[in-house]
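Please read the structure below before turning to the comments.
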Amino acid sequence: MSSVSVSATGGCLCGAVSFEIRGSLRGVVACHCSQCRRTHGHFAAYTQCRTNELEFTEDRGLKWYVSSDQAKRGFCQECGASLFWQPAGASDTSVSAGCLNQPSGLRQVGHIYCDDIADYYTLSDELPKYPGSSKGAFRNGQARLPDDK
174 MSSVSVSATG
184 GCLCGAVSFE
194 IRGSLRGVVA
204 CHCSQCRRTH
214 GHFAAYTQCR
224 TNELEFTEDR
234 GLKWYVSSDQ
244 AKRGFCQECG
254 ASLFWQPAGA
264 SDTSVSAGCL
274 NQPSGLRQVG
284 HIYCDDIADY
294 YTLSDELPKY
304 PGSSKGAFRN
314 GQARLPDDK
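Using the numbering used here, you'd call the opening residue of the sequence shown number 174 and step up by one each time.
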C-alpha cells in the first residue's frame, strides 16, 4: 500500500488543539504496547507525517508529556484527547488516526507490539504483525512481512 498524498485536518474533542497536515500520510498502524493502551484506553491507531508538514491552527490546549527516553506524547490538556506521538530525535510525528477529520482516505497497514497485547482481545485480520517495533517497515506506507530481511 502506498502513501496517501493529502491535505488532512484534525483536532481534539473540545477544539483547543487543531491542525493541518500538508504532505504524505503513512497508512495506519495499530500499536498494542502498554503505554499506548494506558494512553488510549485500548490500542492506539496512528498515521505518520513529517513534523515540518504538521501545522497547528490552534494549540492553546496542546501539552507534551515525555513518556519514556524514546518518545513524548502530545495531548489536549483541556479535554484529554491523545493526539500525537514523537520519537526522540525523529523528523516524523505520529498522529492519532481517530482525531483526523473524515474522510481521511487512509487504511490500516499493520500491527506493532503484538507481544504486549492485552488479554481481553485477539487480532484476527491478515495484516502484518510484529512482536515489537516494526523497525521502519511501514515507512512510506510500505509494509513488509516480519520475516523479511
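Ideal placement from N, C-alpha and C gives every residue a C-beta, glycine not left out.
Computed from a predicted structure; not experimentally measured.
Residue i, DSSP secondary structure in three states
i      : result
His213 : helix
Asp242 : coil
Asp265 : strand
Gln208 : helix
Glu226 : helix
Gly196 : strand
Ala189 : coil
Gly271 : helix
Endpoints, beta strand (DSSP E) assigned at residue i
i      : result
Gln250 : Element bounds for Gln250: n/a, residue is neither H nor E.
Val282 : 281 to 285
Leu300 : From DSSP, Leu300 is part of no beta strand (DSSP E); its letter is neither H nor E.
Gly234 : Gly234 -> no beta strand (DSSP E), and no H or E assigned at all.
Gly184 : 177 to 184
Selection from the options that minimises the alpha carbon distance to residue i
i      : options                        : result
Lys236 : Pro301, Gln259, Gly214, Gln221 : Gln259
Gly309 : Gly196, Gln221, Ser197, Ile194 : Gln221
Glu228 : Ile194, Gln208, Ser180         : Ile194
Leu296 : Cys204, Arg233, Leu198         : Cys204
Val239 : Arg210, Gln275, Gly247         : Gly247
Inter-residue CB distance, residue i and residue j (contact presumed, cutoff 8 angstroms)
i      : j      : result
Cys272 : Gly184 : 6 angstroms
Gly283 : Phe311 : 6 angstroms
Phe192 : Thr230 : 6 angstroms
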